[in-house]
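Per my numbering, residue 2 is the first one in the sequence shown, and the count goes up by one each step. Cβ coordinates follow ideal geometry from the N, Cα and C atoms, glycine included.
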Amino acid sequence: MNHRRHFIKTATAGAIATSLVPEFNFAQESGRKRPNMVILFIDDLGVGDLGCFGHLRIPTPHIDSLAARGAKCTMSYITNPPCSPSRCSLMTGMYAQRYGKSGMARGLPIPEDHPTMGEFMRDAGYTTGQIGKWDIGAVGQGPHERGFMEVAKNALGQQYDREREDGSYVYLTDLDGDYMAEFVERNAEKPFFLYFSPFAVHSNVKNTPQHYRDRIPGGDGTAYEGAVVAVDDAVGKLLKSLETHELENDTLIFLTGDNGANRAHGGSSEPYRGGKGKDTQQEDWVHTPTIITWPKAIPAGITYEGKTATIDFYATMAAAIGKPLPPSLRQRKPIALSLGR
Ligand SMILES: [Ca+2]
Numbered sequence: 002m003n004h005r006r007h008f009i010k011t012a013t014a015g016a017i018a019t020s021l022v023p024e025f026n027f028a029q030e031s032g033r034k035r036p037n038m039v040i041l042f043i044d045d046l047g048v049g050d051l052g053c054f055g056h057l058r059i060p061t062p063h064i065d066s067l068a069a070r071g072a073k074c075t076m077s078y079i080t081n082p083p084c085s086p087s088r089c090s091l092m093t094g095m096y097a098q099r100y101g102k103s104g105m106a107r108g109l110p111i112p113e114d115h116p117t118m119g120e121f122m123r124d125a126g127y128t129t130g131q132i133g134k135w136d137i138g139a140v141g142q143g144p145h146e147r148g149f150m151e152v153a154k155n156a157l158g159q160q161y162d163r164e165r166e167d168g169s170y171v172y173l174t175d176l177d178g179d180y181m182a183e184f185v186e187r188n189a190e191k192p193f194f195l196y197f198s199p200f201a202v203h204s205n206v207k208n209t210p211q212h213y214r215d216r217i218p219g220g221d222g223t224a225y226e227g228a229v230v231a232v233d234d235a236v237g238k239l240l241k242s243l244e245t246h247e248l249e250n251d252t253l254i255f256l257t258g259d260n261g262a263n264r265a266h267g268g269s270s271e272p273y274r275g276g277k278g279k280d281t282q283q284e285d286w287v288h289t290p291t292i293i294t295w296p297k298a299i300p301a302g303i304t305y306e307g308k309t310a311t312i313d314f315y316a317t318m319a320a321a322i323g324k325p326l327p328p329s330l331r332q333r334k335p336i337a338l339s340l341g342r
């Protein structure tokens, strides 16, 4: 199978959009091996939806294994709910209010004179890839235009029901997981940054394949519960691919949600109140389940109770590769990679 056809590539690295970041060659500067970066940004995932965060029914062994090999951050937040502003803040490392984005404001431009996380990593020599939902910036500010060299193609279909190129049915989350494994396989020999932002588990989830629902204890899982299991399987595909290429220790992985759970559609905010839809002034509208792993730098199996936020993932990645932040982010600090110590 020709995996290349599943991704659309820019002509050359750095061919589109430029940043204000000075030329910097980390490899020449330090001679150290550079870690790969992966962000797993799950749509509408509630703080109580994962086994490692206390859910009693949904089995999430792969995500739980991530937590076991790194840090579970129990006081982690987004700064701008819901979907679009949350993604803008993540990708720019800025409070989106700095460029006029308060509330949803879908389609509002992100700054052209400030590098996105994708542009920052691309300009550091990384191969950058994006899979799934973008929902950032204006027309002309898509993932290709704003730093991602490989962007997974959208499969035909609606919601979670999609078609493979041969016309056969595929559940979208399964396809997204395949894309992750493909991206790692293709780029295993050089440093990469993968931004995985699946449509899952955005509500209202209705058509989860029965075999996922059957994996809930008792076999009577809801469509939402089954969808979380499917995301866990996709994460499992990523982890297997990293293991196959012996990259586990050299990869910094963040997993989190873009905003709180939609409890009306089956998500869990436990042990907090609030979430998406109703009660957006309460805790779980902005409190997310975050896991950060990097075996070379973060102790295994720790629970970190200090505050963390997705807005600081950018600065954390910069610190991990030793690249100075752009001037527009000089006030940001990285999440301590020695979490818990
Ligand atoms: Ca969302």
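{"query": "Put Ala310 into one of helix, strand or coil per three-state DSSP.", "result": "strand"}
{"query": "For ligand 1, is there any heavy atom lying closer than 8 Å to the beta carbon of Cys89?", "result": "no"}
{"query": "Using the C-alpha atoms, what's the distance from His7 back to Asp167?", "result": "12 Å"}
{"query": "Is any heavy atom of ligand 1 found at a distance shorter than 8 Å from the C-beta of Lys277?", "result": "yes"}
{"query": "Give the C-beta separation of Thr209 and Ala231 to the nearest angstrom, bearing in mind that I take them to be a contact with Cβ-Cβ under 8 Å.", "result": "7 Å"}
{"query": "Out of curiosity, what's the CA-to-CA distance linking Gly108 and Gly219?", "result": "43 Å"}
{"query": "Rounded to the nearest angstrom, what separates Leu326 and Phe121 at their Cα positions?", "result": "9 Å"}
{"query": "Hey, out of Arg35, Trp295, Ala337, whose CA is closest to Ser66's CA?", "result": "Trp295"}
{"query": "Tell me which residues share the same chain as Ala1 and place their Cβ nearer than 8 Å to its Cβ, disregarding the 5 neighbours each side in the sequence.", "result": "Because the chain spans 2 through 342 in this model, residue 1 falls outside it and cannot be assessed."}
{"query": "As a quick exercise: from Asn37, Pro199, Arg264, pick the residue whose alpha carbon is nearest that of Ala319.", "result": "Asn37"}
{"query": "Quick check on DSSP: helix, strand or coil for Ser329?", "result": "helix"}
{"query": "Roughly how many angstroms separate the alpha carbons of Ile137 and Lys297, rounded to a whole number?", "result": "32 Å"}
{"query": "Let's see if you can read the secondary structure: which residues bound the alpha helix (DSSP H) around Glu120?", "result": "118-124"}
{"query": "Between Leu157 and Glu164, how many whole angstroms is the CB-CB distance? I'm expecting something under 8 Å.", "result": "5 Å"}
{"query": "Mind the definition here: the segment 101-120 touches the segment 52-66 only if three or more C-beta pairs lie below 8 Å; say whether that holds.", "result": "no"}
{"query": "Taking Ile303 as the reference, give the member of Cys84, Thr61, Thr75 with the closest Cα.", "result": "Thr75"}
{"query": "For Ala231, name the three-state secondary structure that DSSP assigns.", "result": "helix"}
{"query": "Tell me whether Lys279 is buried or exposed, calling it buried when 16 or more other Cβ atoms sit within 10 Å of its Cβ.", "result": "exposed"}
{"query": "Would you grab the beta carbon distance between Ala201 and Ile43 for me? Rounded to a whole angstrom, and I think it's under 8 Å.", "result": "7 Å"}
{"query": "With distance defined between alpha-carbon atoms, name the residue in Ile312, Ile336, Ala228 nearest to Met95.", "result": "Ile312"}
{"query": "Can you tell me whether Asn260 sits near ligand 1, meaning its C-beta is under 8 Å from at least one heavy atom of the ligand?", "result": "yes"}
{"query": "Around the Cβ of Gly367, are there at least 16 other Cβ atoms within 10 angstroms (buried) or fewer (exposed)?", "result": "A question about residue 367 goes unanswered here, because the residues of the chain that appear run from 2 up to 342."}
{"query": "So the candidates are Ile9, Gly104, Asp175, Leu195; which of them puts its Cα closest to the Cα of Lys238?", "result": "Asp175"}
{"query": "Compute the distance between the beta-carbons of Gly133 and Pro199, then report whether it is under 9 Å.", "result": "yes"}
{"query": "Using three-state DSSP, classify Arg163 as helix, strand or coil.", "result": "strand"}
{"query": "I think Ile405 touches Asn250, with their Cβ atoms under 8 Å apart; what is that distance to the nearest whole Å?", "result": "Residue numbering for the chain in the displayed model covers 2 to 342; residue 405 lies beyond these limits and cannot be assessed."}
{"query": "Is any heavy atom of ligand 1 found at a distance shorter than 8 Å from the C-beta of Pro83?", "result": "yes"}
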